[in-house]
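Q:
Numbering (my numbering), first residue to last: -15 to 218.
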């Protein structure tokens, strides 16, 4: 066959393609949005199930944790065991599980999945019932706990050693002060959490015991500021 005759018979690309091979291309929508959805899914999956970064918003944990400290909170270990005394835990705000606590009038009622989106804080949209709190575990289920007006803790008749506490509640000569005291037995599947700053902390002395199911994770590392980088494991 001559070259001219060969040019009169163009090659059929479809016929020359291997049988079973797909010639379809992804829709342009998925070319752009596919990686975006995958990245968001990975981010929220890791944040919900593995670990996330948190910052300290108040003075309730000073001097050990300062305002604006950045922490790594891991969420794996407490799925297989209960919290231990001395561990710092992050948990759902008591506003979300204690019906005796009421939000102030005028507070936003936006759903938590909306409020927790990264850009919502930039817009000033918050809901206190969606916040996460951070405190230290001082007693676990079954412990008999006693807290005096200064904020000093005894567990099962023994004074708890708390080198991380330097600011206790002020008391008068009669042992009276502004802070709540407590004598109780911690229920099963609950813990008692307190702020290290006993004189300025809204904690279990006020709103009661923390159900373990409300705990989101435990503080593992402080990664900012660099000059105080280090482990938070007791």
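C-beta atoms are modelled at their ideal positions from N, C-alpha and C, and glycine is treated no differently.
All values derive from a computational prediction rather than experimental measurement.
Helix, strand or coil, according to DSSP, for residue 201 in the structure here?
A: Residue numbering aside, residue 201 sits at position 217 when the chain shown is read from its first letter. Note: residue 201 maps to strand in three-state DSSP.
Q: Between which two residues does the alpha helix (DSSP H) carrying residue 189 extend?
A: Within the chain shown, the letter at position 205 stands for residue 189. Residue 189 -> alpha helix (DSSP H) spans 188 to 191.
Q: Please state whether DSSP places residue 79 in a helix, a strand or coil.
A: Locating residue 79 in the chain shown gives position 95, where the first residue counts as 1. Three-state DSSP puts residue 79 in a helix.
Q: Quick one: residues in its chain with C-beta nearer than 6 Å to the C-beta of residue 208, no 5 flanking neighbours on either side, listed in chain order?
A: Position 224 of the chain shown, counted from the first residue, corresponds to residue 208. Result list for residue 208: 54, in chain order.
Q: Closest to residue 200 by C-alpha separation, out of 73, 37, 51 and 156, would be which residue?
A: The sequence position of residue 200 within the chain shown is 216, counting from 1. Comparing Cα-Cα distances from residue 200 to each of 73, 37, 51 and 156, the minimum goes to 73.
Q: Tell me, please, whether the stretch 178 to 186 touches the stretch 134 to 146 by the rule of three or more beta-carbon pairs shorter than 8 Å.
A: Output reads yes: the stretch 134 to 146 touches the stretch 178 to 186.
Q: With DSSP collapsed to three states, give me the class of residue 206.
A: Taking the first residue of the chain shown as position 1, residue 206 is located at position 222. In the structure shown, residue 206 sits in a strand (DSSP, three-state: E or B).
Q: Exposed or buried, residue 211, counting other C-beta atoms within 10 Å across all chains shown (16 or more means buried)?
A: Here residue 211 corresponds to residue number 227 of the chain shown, with the count starting at 1. Answer is exposed; the Cβ neighbour count stays below 16.
Q: Please report the straight-line C-alpha distance between residue 6 and residue 60, rounded to a whole angstrom.
A: Locating residue 6 in the chain shown gives position 22, where the first residue counts as 1. Locating residue 60 in the chain shown gives position 76, where the first residue counts as 1. In this prediction, residue 6 has a pLDDT of 49, which is less than 50 and means its spatial position is unreliable; what the coordinates show is noted afterwards. Cα to Cα, residue 6 sits roughly 42 Å from residue 60.
Q: For residue 141, count the other beta carbons within 10 Å of its own beta carbon; 16 or more makes it buried, fewer makes it exposed. Which is it?
A: Residue mapping note: residue 141 aligns to position 157 of the chain shown, counting from 1. When all chains shown are included, residue 141 counts as exposed.
Q: Can you check DSSP and say which residues form a bridge with residue 52?
A: Walking along the chain shown from the start, residue 52 turns up at place 68. BP columns for residue 52 are empty, so no partner.
Q: Determine whether the Cβ of residue 57 lies closer than 8 Å to any Cβ atom of chain C.
A: Looking at the structure shown, chain C is missing, and only one protein chain is on hand.
Q: For the beta strand (DSSP E) containing residue 158, name the first residue and the last one.
A: As a first step, residue 158 is located in the chain shown; it is residue number 174 there, counting from the start. Segment: none, residue 158 is in no beta strand (DSSP E) and carries neither H nor E.
Q: Distance check for residue 196 and residue 48, CA to CA, integer angstroms please.
A: Reading the chain shown from its first residue, position 64 is the one you call residue 48. Reading the chain shown from its first residue, position 212 is the one you call residue 196. Approximately 24 Å between the Cα atoms of the pair.
Q: For the candidate residues 160, 38, 147 and 79, whose alpha-carbon lies nearest to that of residue 218?
A: Within the chain shown, the letter at position 234 stands for residue 218. Closest option to residue 218, Cα to Cα, is 147.
Q: So, is residue 160 buried or exposed, given that buried needs 16 or more other C-beta atoms within 10 angstroms?
A: In the chain shown, residue 160 corresponds to position 176, counting from 1. Looking at its Cβ environment, which holds fewer than 16 other Cβ atoms inside 10 Å, residue 160 is exposed.
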